[in-house]
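For my numbering, count along the sequence shown from 1 and bump the result up by 2. Where a beta carbon is used, it is the ideal one built from N, C-alpha and C, also for glycine.
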Amino acid sequence: MREDLNHGGSAEPSENFQRAVQTAQDLHHSLGKVIKGRDDTIRLTITALLADGHVLLEDYPGSGKTLLTKTLGRLIRSEVVQDDYSHILPFRRIQFTPDMLPGDVLGVNVFDAQSGSFRFLHGPVFAHVVLADELNRTGPKVQAAFLECMAEKQVTIDNVTHRLDQLFFVVGTQNPLDLAGTYPLPLVQLDRFLLKIPMSYVDASSEIEILRDHESIMGSAESLEPVCSREQVLAAQRATKEVFVSDTLRRAIVDLVQETRSSPLLQFGVSTRAGLMLQSALRAWALVNGKTYVDEDDLKYIAPFVLRHRLKFSGGVSSEAEAFEQIISNPLERLIRASRS
């Protein structure tokens, strides 16, 4: 069935690819010690990291979003010195509020009386892993400034551009229920998140484990040592390019993208960039799962996380999840038929 889909991906993986898989496994194993009952969320977050994208987590307070992101930052060893005044930290948390100013996030120029000149004080955005907590609670001006960071990996203050590190990963969060006093993220900002993960309640057995072992779990979170370096993560990002994507699979991606543009269930579809991001996410997902190729099961699983938040559904749609399943069904059926022929 998958002869065409994995052709070219059956060769012996390179040493770089094997090391990248090991990096992903090390991150997954360590995060699993702390985050219980959310294995898919862990894998998807690592997928976004290795695809050099960003992830938006949507869930209720107390669901472990902050712990997941903080632990991920703890697991990556920082090696970058930015300048004499500041260095890139492994992890920073930004709690967004309505009265926040762009300088609170990006940094500010301050006058140094000793030197008689201005110097730049880096804001909390200068980190490898940044938790943008309740991003939809800050105003459009701050959101627009943060968008530049996510899109360009740079900060512009007083017409001077300051580069962020090459390894820059944003985990945004928002509460799907408490919308009072919020500023909904515009589509242009949602488009900068590779994945949107709607987290859900953990199952009963996992919740019992959390209640029973809470103290030891939190102790593990505080005692975790880095399992990989910045360079290893960057190498793993490069290794995702080795994952084979067949022309048949690419045809299915294009079919899916075009289906969103013609479906009566949608007001408008996704861009070509969305197709590119879907391909990147599929490659990273395959690597996280130790595979050298992408197949139709990967596409069916990953596509909703990549595409659904980029779509604007028609007013008559009662269930966005069911509508998306209907949109994706035809391209997947064509892909399965093509892979069997």
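Legend entry - Three CB pairs or more closer than 8 angstroms across the segment 46-57 and the segment 166-175: yes
Legend entry - residue 321 versus residue 16: straight-line alpha-carbon distance, rounded: Position 319 of the sequence shown, counting from 1, holds the residue named residue 321. Position 14 of the sequence shown, counting from 1, holds the residue named residue 16. Each residue's alpha carbon lies about 44 angstroms from the other.
Legend entry - Residue environment, residue 65, which counts as buried when at least 16 other CB atoms sit within 10 Å: Sequence index remark: in the sequence shown, residue 65 carries index 63 (1-based). Label assigned to residue 65: buried.
Legend entry - DSSP bridge partner residues for residue 231 (one or two, in chain order): Along the sequence shown, one-based indexing puts residue 231 at 229. Per DSSP, 79.
Inset, instruction - Find out if the Cβ-Cβ distance for the pair residue 56, residue 122 is shorter than 8 angstroms. - result: Reading the sequence shown from its first residue, position 54 is the one you call residue 56. Reading the sequence shown from its first residue, position 120 is the one you call residue 122. No; because the gap between Cβ atoms is not below 8 angstroms, this pair is not in contact.
Legend entry - Per DSSP, cross-strand counterpart(s) of residue 268: Walking along the sequence shown from the start, residue 268 turns up at place 266. In the DSSP output, where bridge partners are listed per residue, residue 268 has 315.
Legend entry - Rounded separation between residue 267 and residue 63 - CA only: Here the question's residue 267 lines up with position 265 in the sequence shown. Here the question's residue 63 lines up with position 61 in the sequence shown. Those two C-alpha atoms are separated by around 32 angstroms.
Inset, instruction - Can you check the segment 164-244 for any beta strand (DSSP E) of at least 3 residues that lies completely inside it and give the ranges in chain order? - result: 171-176 and 197-200
Inset, instruction - Over the uninterrupted alpha helix (DSSP H) stretch that includes residue 116, give me the two end residues. - result: Position 114 of the sequence shown holds residue 116. First-last for residue 116: undefined, no H or E at that position.
Inset, instruction - Give me whichever residues DSSP pairs with residue 93 in a beta bridge. - result: Counting from 1 along the sequence shown, the entry for residue 93 is found at position 91. Partner(s): 131.
Inset, instruction - Provide the residue span of the alpha helix (DSSP H) that contains residue 17, from first to last. - result: Walking along the sequence shown from the start, residue 17 turns up at place 15. That run of the alpha helix (DSSP H) goes 17-36.
Inset, instruction - Please name the residue, chosen from 317, 157 and 241, that lies closest to residue 295 on a Cα-to-Cα basis. - result: Position 293 of the sequence shown, counted from the first residue, corresponds to residue 295. Cα-wise, what sits closest to residue 295 is 241.
Inset, instruction - Could you spell out the range, first to last residue, of the alpha helix (DSSP H) harbouring residue 296? - result: For this step, residue 296 is matched to residue 294 along the sequence shown. From DSSP, residue 296 is part of no alpha helix (DSSP H); its letter is neither H nor E.
Legend entry - Buried versus exposed, by CB contacts within 10 Å (16 or more), residue 133: Walking along the sequence shown from the start, residue 133 turns up at place 131. When all chains shown are included, residue 133 counts as buried.
Legend entry - Buried or exposed (CB count within 10 angstroms, at least 16 for buried), residue 329: Taking the sequence shown and counting its residues from 1, the one referred to as residue 329 is at position 327. Counting Cβ neighbours within 10 Å, residue 329 comes out buried, since at least 16 surround it.
Inset, instruction - Please determine, among 292, 309 and 250, the residue with the shortest C-alpha to C-alpha distance to residue 278. - result: Indexing the sequence shown from 1 puts residue 278 at position 276. Residue 278 has its Cα closest to that of 309, out of 292, 309 and 250.
Inset, instruction - Report yes if the C-beta distance between residue 136 and residue 73 is below 8 angstroms; otherwise report no. - result: As a position in the sequence shown, residue 136 is number 134, starting the count at 1. As a position in the sequence shown, residue 73 is number 71, starting the count at 1. It is not a contact, given that the beta carbons lie outside the stated cut-off.
Legend entry - Residue of 128, 32 and 41 minimising C-alpha distance to residue 221: One-based indexing of the sequence shown puts residue 221 at position 219. Here the closest residue by C-alpha is 32.
Legend entry - Beta-carbon contacts of residue 147 that lie in its chain and below 7 angstroms, excluding the five residues immediately before and after: Taking the sequence shown and counting its residues from 1, the one referred to as residue 147 is at position 145. Here the set comprises 104, 107 and 108.
Inset, instruction - Can you check DSSP and say which residues form a bridge with residue 109? - result: As a working mapping, residue 109 is identified with position 107 in the sequence shown. Bridge partners of residue 109: 124.
Inset, instruction - Go through its chain and collect everything with a Cβ distance to residue 177's Cβ below 6 angstroms, but skip five positions before and after it. - result: Here residue 177 is taken as the residue at index 175 of the sequence shown, counted from 1. Answer for residue 177: no residue qualifies.
Legend entry - residue 191 classed as buried or exposed, judged by whether at least 16 other C-beta atoms fall within 10 angstroms: Stepping through the sequence shown from its first residue, residue 191 is reached at position 189. It is buried - the Cβ of residue 191 has at least 16 other Cβ atoms within 10 Å.
Legend entry - Distance CB(residue 287)-CB(residue 299) smaller than 8 angstroms: Along the sequence shown, read from residue 1 onward, the residue named residue 287 stands at position 285. Along the sequence shown, read from residue 1 onward, the residue named residue 299 stands at position 297. Against a cut-off of 8 angstroms, the Cβ pair of residue 299 and residue 287 comes out as no contact.
Inset, instruction - Measure the alpha-carbon distance for residue 291 versus residue 141 and round it to whole angstroms. - result: To locate residue 291, count along the sequence shown from 1; it is residue 289. To locate residue 141, count along the sequence shown from 1; it is residue 139. Cα to Cα, residue 291 sits roughly 38 angstroms from residue 141.
Legend entry - Range of the contiguous beta strand (DSSP E) that encloses residue 59: Here residue 59 refers to the residue found at position 57 of the sequence shown. 57-60 is the extent of the beta strand (DSSP E) around residue 59.
Legend entry - residue 99 in three-state terms, based on DSSP: Taking the sequence shown and counting its residues from 1, one reaches residue 99 at position 97. Coil, per DSSP.
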